[in-house]
């Protein structure tokens, strides 16, 4: 019994150590001269552009639904005119960054995990190493950087579409001019709402890319391990996102935003 | 694998659009917060800022023209409120304008409203102090209301005492409501009065038949009858005298005639 517990703790420590080492390898490889620009852009296309429809629909509907859901309550307090401000603040600060990050975790991390996992299983990564290539540089750095760049942009797009959705929601029951609505939105939100949330999404992007790559790159040899890599990539990157969000909330409130 | 031309273009467009949205958002937020564009700076001192915060709006003639940028305590009774105001409204804000702290609706944010007092004075200079009026102190209002309430308490106490006295039958009003001896007395005096008036009318009848006064009463009667006759003639001219048309009317007419005759008889006696 004691022995298995010992092994369990050891496993966690070994895993953490591996992750830290992997992170060092990633950072060491960012600043090398042989950056794979072409592959980076292809990954941006695959990860960012291909996720756009999903993210756009989600963002629009989240804004639309939030407005419709909050309207009856706000009407009770006679505070319908506060809806644009309320929806804008909640979308920009919390809902869009987290929901979009979780959706991206589902789409990107699983994709990266499965892709790199199957490369590992079919020994393509080993072949790359043997033939003098740098698999970390070519496979990992490009993917993580693509996630870091694309997740914030996807979030901003989702926020914009979410506000459009909220505007549509306001016009379901009443009539609000676009000028008035967006004036209320932009007087409601401050830099303290936008900038910390934007910085947060960069970390979300890193978590998605890093966990996906780590799980795929370190998968076992065997067909089922591809599925395990994809699955655990989604699970742990979602967990990372939630944990980073909790830390970010503490930081932003400590800094007074 | 190389990124194709289409992939590059699409990624580029997508990235540019995303970044543009971010920049537009930053610009729009900044514009409403007066961080960009031309502004000028004034300050006011208040004994009590009433919960005003940095970032609250400054209004001139009801329009948001600026924001509060800083509030700091400068002495044990004074706070200094720094505001930045849109340069476009500078020509309209004069040196004798008055700044006061108000609030936006019942639950709304605090704000500073600037009101002009005269049109002819000089424009306020950048960085100058603006005359300020302290907001209505809610504490003072409450203490006044408390004073009113304590007065009301004294009044209602008195009223309650009166009400208990009335209900226990003390005092004039209490006796009027609860004591039936007054009513009995009144009853007795009313019956006395009735007897008295009956005697009096007998006396009067007797006086009428007295030979000393008979002539006077007869004269009076005659004059009265003449006056009545004249009145009737004026009201019903003989040409248009209407005949009673229904059976009931005729009956009523007959009854009235009979009564008049009877009256005349009794009068004659």
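Protein chains in written order, with the numbering used here: chain L, 26 to 282; chain U, 499 to 767.
Just so it is clear, CB atoms sit at the ideal spot from N, CA and C, and this is done for glycine as well.
Bear in mind that the values here come from a model prediction, so they are computed numbers and not experimental data.
Return the first residue and the last residue of the beta strand (DSSP E) that residue 580 (chain U) is part of. 577-584
Does the distance from the C-beta atom of residue 142 (chain L) to that of residue 262 (chain L) stay below 7 Å? no
I'd like to know whether the C-beta of residue 501 (chain U) is nearer than 7 Å to at least one C-beta of chain L. yes
What would DSSP say about residue 570 (chain U), mapped onto helix, strand or coil? strand
Which runs of the beta strand (DSSP E) fall wholly inside the segment 613-651 of chain U and span at least 3 residues, in chain order? 629-631
How would you call residue 182 (chain L), buried or exposed, if buried means at least 16 neighbouring beta carbons within 10 angstroms? buried
How many Å lie between residue 474 (chain U) and residue 558 (chain U) at the Cα? Look at the range of chain U in this structure, 499 to 767, and you will see that residue 474 (chain U) is not part of it.
For the segment 516-532 of chain U, which residues have a beta carbon sitting closer than 8 Å to at least one beta carbon of chain L? 516, 517, 519, 520, 523, 524, 526, 527, 528, 529, 530, 531
Where does residue 268 (chain L) sit, in a helix, a strand or coil, going by DSSP? helix
Is the CB of residue 74 (chain L) under 7 Å away from at least one CB in chain U? yes
If we count the other Cβ atoms within 10 Å of its Cβ and call it buried at 16 or more, is residue 751 (chain U) buried or exposed? exposed
Is residue 480 (chain U) near residue 581 (chain U), with beta carbons less than 7 Å apart? No information on residue 480 (chain U) is available, as it lies outside the stretch 499 to 767 that chain U covers here.
Residues of chain U with CB under 7 Å from residue 69 (chain L), in chain order? 509
Residue 579 (chain U) to residue 77 (chain L) span [Cα, whole Å]: 47 Å
On the three-state DSSP scale, how would you describe residue 601 (chain U)? strand
Run through chain L and tell me which residues come within less than 7 Å of residue 513 (chain U), C-beta to C-beta. 178
Chain U beta carbons: is any one of them nearer than 7 Å to that of residue 185 (chain L)? yes
Would residue 66 (chain L) count as contacting chain U if we go by Cβ distances under 7 Å? yes
Taking 6 Å as the cut-off, does the CB of residue 226 (chain L) come closer than this to any heavy atom belonging to the ligand NAP? Ligands in the displayed structure: none, and consequently the ligand NAP is not present.
Helix, strand or coil for residue 550 (chain U), going by three-state DSSP, please let me know. coil
According to DSSP, residue 609 (chain U) sits in a beta bridge with which residue or residues? U:600
Between which two residues does the alpha helix (DSSP H) carrying residue 98 (chain L) extend? 77-101
For residue 165 (chain L) and chain U, any beta-carbon pair shorter than 7 Å? no
Within the 7 Å Cβ cut-off, does residue 506 (chain U) reach chain L? yes
Start-to-end residues for the alpha helix (DSSP H) that takes in residue 155 (chain L): 149-155
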